[in-house]
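K.L.:
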Amino acid sequence: MFDVVVVGSGFAGSVLAERLSNVLRKRVLIIEKRPHIGGNSYDYYNEEGLLVHKYGPHVFRTNSKEVFEYLSKFTEWIPYQHKVLANINGTKVPVPFNLNSLYKLFPAETARSLELKLVKHFGYGTRIPILKLKKVADELGDKDLKSLANFVYEKVYLNYTLKQWEESPEELIGVLDRVPVVLSRDNRYFNDKYQAMPKYGYTTLFYKMLLNPNIKILLNTDYKEVLEVDIDTGEVSLFGKPWKGILIYTGPIDYFFDYEFGELPYRSLEFKFETYNVEYFLDAAVENYPNEYDFTRITEFKRLTFQKHPKTTVAYEYPRKYIPSKNEPYYPIPRKENLRRYQLYNERARLLNNKSKTRFIFIGRLAEYKYYTMSDVIQRALDEFKKLMGANKI
Ligand SMILES: Cc1cc2nc3c(=O)[nH]c(=O)nc-3n(C[C@H](O)[C@H](O)[C@H](O)COP(=O)(O)OP(=O)(O)OC[C@H]3O[C@@H](n4cnc5c(N)ncnc54)[C@H](O)[C@@H]3O)c2cc1C
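Take the sequence shown: its position 92, counted from the start at 1, is 92 in UniProt numbering, and no numbers get skipped.
Pasting the structure below:
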């Protein structure tokens, strides 16, 4: 039978399935509740033949040579530097907000004077979280810097965050730090060492990772239909028969423990796809609308995939409340009380491991209730694999 069961076929589950089967020749069963592999990184060709990302735009970037080299075994790459524009007062400006954005929004003389002040206080090329910029501007008591910081905060960050999370940014740990203000002319959204898109898309990459006769994949199946875990005794049965081995779980941790400590909240999204009879629709791969409309951003997939096609498909992204079993859990909500609740589940997982003959590994954005980039989660999975080998657990 199977040595390893993996719940979920996103990067967390697929990297571990690939390593365990290819390196250690383990027999792996992947159970996936969706009708496809790839988790949230899944892409597909729509009816017009355009490659689109079903769960929102996924741009690959990493500073880890190990992650980049690992993925390169399964894909060729198209070099790609991601650029995002935000619509501010009717003008499209680069995001993260940088010196080019400043000059686009203010008269040249005002922009020049603000640039000199910013560079004097922070240094050219610095990446400053907006709340830090606001705080320092306040402390300096500089009227011009203060009004710039407030303008950027409100026009670029505040309304976007309120729309996205329905919460004020101050309540959300670390969210504003993800996109700093940049004191340079670099219009790139990311500054990671490796930035590229998989040449034939993510789903093809996943197929190549999982192409091993020792890996079986069960789609359209919630793991609870075929696998039972007694969370008090640690006993496991698979297809109705006792089973022990390694169980890699990448689904929501609260669901695993039957919501014993209550639900972990998420934000959800709705994507409305439109195909237009023009070659290009936007001026960048992603355009943000912080202050107008109900959607937060529009993505034009051809600008990510470099596909040649007379038509173009875009996705409008609408933030939604997460309703279990109705829509998808996308972003863990990083409030203190949620992180505390997650710790209760994490402790429960530790206790379960202490008494069970099966080794349980909770990994990935849902099982660890954490915002991870693809690179983060791949690195986590590679490290977990090394730990498993080192601990002689297999
Ligand atoms: C809108 C959006 C945009 C993003 N953009 C980027 C980006 O540009 N760049 C980047 O690096 N990262 C991006 N990310 C993050 C990226 O999606 C995650 O890092 C990645 O998906 C994490 O992989 P994972 O395996 O942990 O989770 P997932 O990919 O979500 O995989 C988990 C899998 O488990 C399955 N599952 C859940 N419950 C069960 C169950 N009960 N039974 C069976 N299967 C189950 C799910 O169906 C899913 O397939 C983005 C995320 C979102 C939401």
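Virtual Cβ for every residue (Gly too), placed ideally from N, Cα, C.
Can you grab the Cα-Cα spacing for the pair F122 / L116, in whole Å?
P.N.:
Position 122 of the sequence shown, counting from 1, holds the residue named residue 122. Position 116 of the sequence shown, counting from 1, holds the residue named residue 116. Their backbone Cα atoms lie some 10 angstroms apart in a straight line.
K.L.:
What first and last residue would you give for the beta strand (DSSP E) that runs through R267?
P.N.:
Counted from its first residue, the sequence shown places residue 267 at position 267. Residues Y266 to Y276.
K.L.:
Do R380 and A17 come within 8 angstroms of each other at the CB atom, strictly closer than that value?
P.N.:
Stepping through the sequence shown from its first residue, residue 17 is reached at position 17. Stepping through the sequence shown from its first residue, residue 380 is reached at position 380. Result no, Cβ atoms of A17 and R380 do not sit closer than 8 angstroms.
K.L.:
What residue range is occupied by the uninterrupted beta strand (DSSP E) comprising S375?
P.N.:
As a first step, residue 375 must be located in the sequence shown, where it is residue number 375. Premise fails: S375 lies in the alpha helix (DSSP H), M374 to G390, not in any beta strand (DSSP E).
K.L.:
V156 and F60 - do their beta-carbons sit closer together than 8 angstroms?
P.N.:
Locating residue 60 in the sequence shown gives position 60, counting from the first residue. Locating residue 156 in the sequence shown gives position 156, counting from the first residue. In this structure, V156 does not lie closer than 8 angstroms to F60 by Cβ.
K.L.:
From R365 to W165, what does the alpha carbon distance come to, in whole angstroms?
P.N.:
Within the sequence shown, numbered from 1, the residue matching residue 365 stands at position 365. Within the sequence shown, numbered from 1, the residue matching residue 165 stands at position 165. Answer to the nearest angstrom: the Cα atoms are 18 angstroms apart.
K.L.:
Do the stretch 285 to 300 and the stretch 147 to 162 make contact, defined as three or more Cβ pairs closer than 8 angstroms?
P.N.:
Counting Cβ pairs under 8 angstroms, three or more are found: they touch.
K.L.:
Of all the options N191, G240 and Q307, which has the alpha carbon lying nearest to the alpha carbon of P198?
P.N.:
Stepping through the sequence shown from its first residue, residue 198 is reached at position 198. Ranking the options by Cα distance to P198, first place goes to Q307.
K.L.:
Ligand 1 and R340: does any heavy atom of the ligand fall closer than 7 angstroms to the residue's C-beta?
P.N.:
As a working note, residue 340 is residue 340 in the sequence shown. Not so, every heavy atom of ligand 1 lies at least 7 angstroms from the Cβ.
K.L.:
Cutting at 7 angstroms between CB atoms, please list the residues of its own chain near L42, excluding the five before and the five after it.
P.N.:
As a working note, residue 42 is residue 42 in the sequence shown. This sequence places Tyr at residue 42; Leu is not what is there. Result list for Y42: H36, K54, Y55, Y202 and T203, in chain order.
K.L.:
Check whether the Cβ atoms of A285 and E300 lie closer than 8 angstroms to each other.
P.N.:
As a working mapping, residue 285 is identified with position 285 in the sequence shown. As a working mapping, residue 300 is identified with position 300 in the sequence shown. Cβ distance < 8 angstroms, so A285 and E300 count as in contact.
K.L.:
Can you tell me whether P310 is buried or exposed, with buried defined as 16 or more other CB within 10 angstroms of its CB?
P.N.:
Here residue 310 is taken as the residue at index 310 of the sequence shown, counted from 1. Flag for P310 reads exposed.
K.L.:
If I361 and I248 are in contact, beta carbons under 8 angstroms, what's the gap, nearest whole angstrom?
P.N.:
Within the sequence shown, the letter at position 361 stands for residue 361. Within the sequence shown, the letter at position 248 stands for residue 248. With 8 angstroms as the limit, I361 and I248 qualify as a contact, their Cβ atoms being about 5 angstroms apart.
K.L.:
So the beta strand (DSSP E) M197 belongs to, where does it begin and stop?
P.N.:
By 1-based counting over the sequence shown, the position of residue 197 is 197. Its beta strand (DSSP E) spans residues Y194 to P198.
K.L.:
In terms of residue numbering, what span does the alpha helix (DSSP H) encompassing N159 cover?
P.N.:
Here the question's residue 159 lines up with position 159 in the sequence shown. Residues N159 to W165.
K.L.:
To the nearest whole angstrom, what separates the beta carbons of L148 and P334, a pair I think is in contact under 8 angstroms?
P.N.:
As a working mapping, residue 148 is identified with position 148 in the sequence shown. As a working mapping, residue 334 is identified with position 334 in the sequence shown. Going by Cβ atoms, the distance from L148 to P334 rounds to 27 angstroms, so no, they are not a contact pair.
K.L.:
Would V23 be called buried (16 or more neighbouring beta carbons within 10 Å of its own) or exposed?
P.N.:
Here the question's residue 23 lines up with position 23 in the sequence shown. V23 is exposed by the Cβ-count criterion.
K.L.:
Kindly provide the ranges of any alpha helix (DSSP H) runs that are 4 or more residues long and lie completely inside the stretch 88 to 129, ordered along the chain.
P.N.:
As far as the stretch 88 to 129 is concerned, its whole alpha helix (DSSP H) runs of at least 4 residues are 99 to 105 and 108 to 122.
K.L.:
Only counting the same chain, and skipping five residues up and downstream in sequence, which positions put a Cβ closer than 7 angstroms to that of D177?
P.N.:
Reading the sequence shown from its first residue, position 177 is the one you call residue 177. If we look at D177 and ignore the five residues flanking it on each side, its Cβ neighbours are P129.
K.L.:
Could you tell me how far apart the beta carbons of L269 and P319 are, in whole angstroms, since I believe they sit closer than 8 angstroms?
P.N.:
Here residue 269 is taken as the residue at index 269 of the sequence shown, counted from 1. Here residue 319 is taken as the residue at index 319 of the sequence shown, counted from 1. That belief holds up - the Cβ atoms of L269 and P319 are roughly 6 angstroms apart, short of 8 angstroms.
K.L.:
Take S21 and list the residues in its own chain whose beta-carbon comes closer than 6 angstroms to its own, dropping the five residues that flank it on each side.
P.N.:
Counting from 1 along the sequence shown, the entry for residue 21 is found at position 21. The residues are V28, N212, N214 and I215.
K.L.:
In the DSSP assignment, the alpha helix (DSSP H) including Y45 goes from what residue to what residue?
P.N.:
For the purposes of this step, residue 45 is taken as residue 45 along the sequence shown, with counting starting at 1. From DSSP, Y45 is part of no alpha helix (DSSP H) but of the beta strand (DSSP E) over D43 to Y45.
K.L.:
Three-state secondary structure (DSSP) at Y293?
P.N.:
Within the sequence shown, residue 293 is the residue found at index 293, counting from 1. Three-state DSSP puts Y293 in coil, outside helix and strand.
K.L.:
For a test of the three-state rule: what should DSSP assign to R340, helix, strand or coil?
P.N.:
Here residue 340 refers to the residue found at position 340 of the sequence shown. Of the three classes helix, strand and coil, the one that applies to R340 here is helix, per DSSP.
K.L.:
Is S184 helix, strand or coil when you go by DSSP?
P.N.:
Sequence index remark: in the sequence shown, residue 184 carries index 184 (1-based). S184 falls in the coil class under three-state DSSP.
K.L.:
When burial is assigned at 16 or more other CB atoms within 10 Å of the CB, is G90 buried or exposed?
P.N.:
Within the sequence shown, numbered from 1, the residue matching residue 90 stands at position 90. The residue in question, G90, is exposed, as its Cβ has fewer than 16 Cβ neighbours within 10 Å.
K.L.:
Only counting the same chain, and skipping five residues up and downstream in sequence, which positions put a Cβ closer than 8 angstroms to that of G49?
P.N.:
As a first step, residue 49 is located in the sequence shown; it is residue number 49 there, counting from the start. Contacts found: H309.
K.L.:
Taking K33 as the reference, which of L210, K224 and T110 has the closest Cα?
P.N.:
In the sequence shown, residue 33 corresponds to position 33, counting from 1. With distances taken between Cα atoms, K33 lies closest to K224.
K.L.:
Would you mind stating whether V236 and T358 have Cβ atoms separated by less than 8 angstroms?
P.N.:
What you label residue 236 is simply residue 236 of the sequence shown in a count that begins at 1. What you label residue 358 is simply residue 358 of the sequence shown in a count that begins at 1. Yes, these two residues count as a Cβ contact at 8 angstroms.
K.L.:
Could you spell out where the beta strand (DSSP E) holding A315 opens and where it closes?
P.N.:
Residue 315 sits at position 315 when you count from the first residue of the sequence shown. Segment T312 to K321, the beta strand (DSSP E) holding A315.
K.L.:
Could you tell me the alpha carbon to alpha carbon distance between N338 and A391, rounded to whole angstroms?
P.N.:
The sequence position of residue 338 within the sequence shown is 338, counting from 1. The sequence position of residue 391 within the sequence shown is 391, counting from 1. For N338 and A391, the distance between alpha carbons rounds to 31 angstroms.
K.L.:
Using CA atoms only, rank isn't needed, just tell me which of Q195, L218 and Y280 is closest to Y80.
P.N.:
Taking the sequence shown and counting its residues from 1, the one referred to as residue 80 is at position 80. Out of Q195, L218 and Y280, Q195 has the C-alpha closest to the C-alpha of Y80.
K.L.:
Does any heavy atom of ligand 1 sit closer than 7 angstroms to the C-beta of E279?
P.N.:
Residue mapping note: residue 279 aligns to position 279 of the sequence shown, counting from 1. Outside the cutoff, so no.
K.L.:
Could you give the DSSP three-state label for I253: helix, strand or coil?
P.N.:
Counting from 1 along the sequence shown, the entry for residue 253 is found at position 253. The answer is helix: DSSP assigns I253 an H, G or I state.
K.L.:
May I ask you to list the residues that DSSP assigns as paired with L29?
P.N.:
Residue 29 sits at position 29 when you count from the first residue of the sequence shown. Answer is V5 and K216, bridged to L29.
K.L.:
Which residues in the same chain as L133 place their Cβ atom closer than 6 angstroms to its Cβ, once the five residues preceding and following it in sequence are excluded?
P.N.:
The residue given as residue 133 occupies position 133 in the sequence shown. Closer than 6 angstroms at the Cβ level, and outside the excluded window around L133, lie A149 and V181.
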